[in-house]
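In the numbering used here, the protein residues as written are 332 to 856.
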């Protein structure tokens, strides 16, 4: 009897505490938003009334929140004419005050531009020779905002299904590359798509060899297989879908310095090998090996790479450098638009936009005094710029800011990932919506390697088990929250917004935690 009494008492205390929290949140919401404060609601007959604030609606009903935390759902037809007018006013205020929500989130219709035509190699540089560093030096002299530019989407897109692929344990000291889609031919001669990454260990015990592998993730059989084992350190950098060529760095030291750029022309069994091995030019410091910071394909022959603090465009076949740009911040990770036309170069305090083909400056977008993370949208029409507590989207086609999301909590200043034309996953795992102007959800992805393939996010985990997870975002819980946010009759106030939920990956699925119910505008983000 005593145990039952104590349990019931604890239950009542918890419920009372929850009602207090909800009531405080509702009051905070009303004050922060400046609307939807408590008022007297009267039914159409004038017989009943309730003091409450408006928190939700559908086409046929409204949801009211009383000060004690209780929710009341009423049919729209049961409201007085005065109350109906009030609801209509809130709808107008919602869409009239938030400029980011005045337009439909439907993707624009953008066609791919004609492929870039860069000069092809007239001669082949001997294997093992040093890449040239004699290209024309370009200066980032333009200090004004970029002018209007055509969208530059990728000519080829990849679609993959959700999957979970396990592989042998990868220790914490091993370096795993970003996952990239690769193309090949099946036994029947049809074109196939898989995913690939490199695993490279730099630390070894006496008498032991380090693990140096190129791993292919088979999406049909959902298994991982070692495509190549090598005696040199190896890092997969990029893959060119149209030509089937992969770019790798081999032979670098434990500090990531030195080594050679090389090309793998095929991932077919028994046919893998390195072509066009090119030594990276030496650092300006005597006796110091150069460090490759970044390298991506522009077409089947040309590579844009950052070596030490210099960025250059090379023809990997001839070894010729077309141009170079000095003064690149070693903390910066550039981004290249889908069609290769534009390159975004972060620096402390902003982003420089250049024409990839020529190195010509196209403009400068200034931000807080940080080195931001940057990423072009899948449609090639927007550039996401992420700092610790702010994410902007610059629209190339209109030369204007298309979105600006601010947060009191960290969004992470690393490179954000575009999920589609509206949703992005920040470095902290926060899902944000440009259309709605606020963070939507938080995914626990700390300590993982992440990349996007089409609309699918590839997440590589070392702990608690080593696996590659391919998952479509947003998941069901975040999707439901998006619908609820869109149904809120009041304008969402970014200054008082709190992320309404988070999820952790457990046993092959997202498990929702800390999901907020009731008022969506309560608390702070």
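Quick reminder that beta carbons are idealized off the backbone N, C-alpha and C, glycines included.
Can residue 579 and residue 590 be called in contact, C-beta distance under 7 Å? The residue given as residue 579 occupies position 248 in the chain shown. The residue given as residue 590 occupies position 259 in the chain shown. Not in contact: residue 579 and residue 590 (Cβ atoms no closer than 7 Å).
Quick one: grab the DSSP three-state call for residue 420. By one-based count along the chain shown, residue 420 stands at place 89. If DSSP states are grouped into helix, strand and coil, residue 420 belongs with the helices.
Please classify residue 420: is it buried, with 16 or more other beta-carbons within 10 angstroms of its beta-carbon, or exposed? One-based indexing of the chain shown puts residue 420 at position 89. With fewer than 16 other Cβ atoms within 10 Å, it is exposed.
Terminal residues of the alpha helix (DSSP H) in which residue 817 lies: On the chain shown, residue 817 is found 486 positions in, with the first residue counted as 1. Looking at the DSSP string, the run of the alpha helix (DSSP H) that includes residue 817 is 807 to 818.
Does the beta-carbon of residue 586 have 16 or more other beta-carbons within 10 angstroms, so that it is buried, or is it exposed? Along the chain shown, one-based indexing puts residue 586 at 255. It is exposed - the Cβ of residue 586 has fewer than 16 other Cβ atoms within 10 Å.
In terms of residue numbering, what span does the beta strand (DSSP E) encompassing residue 752 cover? Here residue 752 refers to the residue found at position 421 of the chain shown. Note, residue 752: premise wrong, no beta strand (DSSP E); not H, not E.
Residue span of the beta strand (DSSP E) that contains residue 727, given as start and end: Counting from one through the chain shown, the residue named residue 727 turns up at place 396. Unbroken run through residue 727: none, as it is neither H nor E.
Of the choices 600, 808, 781, 752, whose alpha-carbon is the least far from that of residue 767? One-based indexing of the chain shown puts residue 767 at position 436. Nearest option by C-alpha distance: 752.
Would you mind giving the Cβ-Cβ distance between residue 511 and residue 485, rounded to the nearest angstrom? I have them listed as a contact below 8 Å. Within the chain shown, the letter at position 180 stands for residue 511. Within the chain shown, the letter at position 154 stands for residue 485. Rounded, the Cβ-Cβ distance is 13 Å, inconsistent with contact.
Hey, quick one: how far does the beta strand (DSSP E) through residue 528 stretch, first residue to last? Working through the chain shown from its first residue, we reach residue 528 at position 197. It spans 522 to 532 - the beta strand (DSSP E) in which residue 528 sits, taken as one unbroken run.
If we require 3 or more residues per run, which beta strand (DSSP E) segments fall completely within the stretch 569 to 634? 576 to 581, 591 to 595, 605 to 610, 623 to 628
Start and end residues, beta strand (DSSP E) containing residue 735: Here residue 735 refers to the residue found at position 404 when the chain shown is read from its first residue. Run containing residue 735: 731 to 737, per the beta strand (DSSP E) assignment.
Cβ neighbour criterion (16 or more within 10 Å) applied to residue 544: In the chain shown, the residue the question calls residue 544 occupies position 213. So residue 544 ends up on the buried side.
Skipping 5 residues on each side, what residues in its chain have a beta carbon closer than 7 Å to that of residue 705? Counting from one through the chain shown, the residue named residue 705 turns up at place 374. Excluding sequence neighbours, residue 705 sits near 666, 675, 677, 682, 714, 715, 716, 746.
Spatial distance of residue 842 from residue 774 (CA atoms): In the chain shown, the residue the question calls residue 842 occupies position 511. In the chain shown, the residue the question calls residue 774 occupies position 443. Those two C-alpha atoms are separated by around 10 Å.
Beta-ladder partner(s) of residue 544, from DSSP: Translated into positions along the chain shown, residue 544 becomes position 213. Residue 544 pairs with 530, 560.
Of the residues 709, 672, 409, 830, which one's Cα is nearest the Cα of residue 813? Taking the first residue of the chain shown as 1, we reach residue 813 at position 482. Closest option to residue 813, Cα to Cα, is 830.
Ends of the beta strand (DSSP E) at residue 799? Taking the chain shown and counting its residues from 1, one reaches residue 799 at position 468. Counting along the chain, the beta strand (DSSP E) containing residue 799 begins and ends at 798 to 803.
Within 8 Å, do at least three Cβ pairs link the stretch 473 to 482 to the stretch 723 to 736? yes
Ordered along the chain, which non-local residues of its own chain (more than five positions away) have a Cβ less than 8 Å from that of residue 750? Taking the chain shown and counting its residues from 1, the one referred to as residue 750 is at position 419. Counting only Cβ-Cβ distances below 8 Å, and skipping sequence neighbours, we find 756, 762, 783, 786, 788, 804, 805.
Whole angstroms is fine: what's the gap from residue 436's alpha carbon to residue 389's? If you number the chain shown from 1, residue 436 lands on position 105. If you number the chain shown from 1, residue 389 lands on position 58. Cα to Cα, residue 436 sits roughly 20 Å from residue 389.
Roughly how many angstroms lie between the CA atoms of residue 456 and residue 612, to the nearest whole one? Counted from its first residue, the chain shown places residue 456 at position 125. Counted from its first residue, the chain shown places residue 612 at position 281. Each residue's Cα considered, the two are about 14 Å apart.
Count the C-beta pairs between the stretch 649 to 657 and the stretch 451 to 469 that are closer than 8 Å, then say yes if the count reaches three, no if not. yes
With 16 other Cβ atoms within 10 Å as the buried cut-off, status of residue 699: Along the chain shown, one-based indexing puts residue 699 at 368. Exposed, since its Cβ has fewer than 16 Cβ neighbours within 10 Å.
Of the residues 693, 726, 801, 661, which one's Cα is nearest the Cα of residue 703? Mapped onto the chain shown, residue 703 falls at position 372. Minimum Cα distance to residue 703 is reached at 661.
Which residues bound the beta strand (DSSP E) around residue 787? Sequence index remark: in the chain shown, residue 787 carries index 456 (1-based). That run of the beta strand (DSSP E) goes 787 to 792.
Output the residue ranges of the beta strand (DSSP E) runs that lie fully inside the stretch 453 to 497 and measure 3 residues or longer, sorted by chain position. 467 to 469, 494 to 497
Please state the DSSP three-state secondary structure of residue 651. Taking the first residue of the chain shown as position 1, residue 651 is located at position 320. Here residue 651 sits in coil by DSSP.
Taking all protein chains shown into account, decide if residue 413 is buried (16 or more other Cβ within 10 angstroms of its Cβ) or exposed. The residue labelled residue 413 in the question sits at position 82 within the chain shown. By the neighbour-count rule (16 or more Cβ atoms within 10 Å), residue 413 is not buried but exposed.
By a C-beta neighbour count over all protein chains shown, 10 Å radius and 16 as the cutoff for buried, is residue 835 buried or exposed? Locating residue 835 in the chain shown gives position 504, counting from the first residue. Per the 10 Å Cβ criterion, exposed.
Hey, could you find the ends of the beta strand (DSSP E) residue 771 is sitting in? Position 440 of the chain shown, counted from the first residue, corresponds to residue 771. First-last of the beta strand (DSSP E) with residue 771: 769 to 774.
Residues in the same chain with beta-carbon distance under 7 Å from residue 650, minus the five sequence neighbours each way, listed in chain order, please. Taking the first residue of the chain shown as 1, we reach residue 650 at position 319. The residues are 456, 460, 462, 463, 609.
Let's test the definition: count the other Cβ atoms within 10 Å of the Cβ of residue 364 and tell me whether it reaches 16, buried, or not, exposed. Here residue 364 refers to the residue found at position 33 when the chain shown is read from its first residue. Residue confidence for residue 364 is low, a pLDDT of 33 falling below 50, so the modelled location carries little weight; the figure read from the coordinates is stated next. Answer is buried; the Cβ neighbour count reaches 16.
Within this structure, are the beta carbons of residue 574 and residue 595 separated by less than 7 Å? The count along the chain shown starts at 1 and reaches residue 574 at position 243. The count along the chain shown starts at 1 and reaches residue 595 at position 264. For residue 574 and residue 595, no; Cβs fall outside 7 Å.
Residues near residue 447 by beta carbon distance below 8 Å, same chain, minus five either side: Locating residue 447 in the chain shown gives position 116, counting from the first residue. So the qualifying residues of the chain are 629, 630, 670, 671, 672, 687, 688.
Roughly how many whole angstroms lie between the Cα atoms of residue 583 and residue 722? Taking the chain shown and counting its residues from 1, one reaches residue 583 at position 252. Taking the chain shown and counting its residues from 1, one reaches residue 722 at position 391. About 35 Å.
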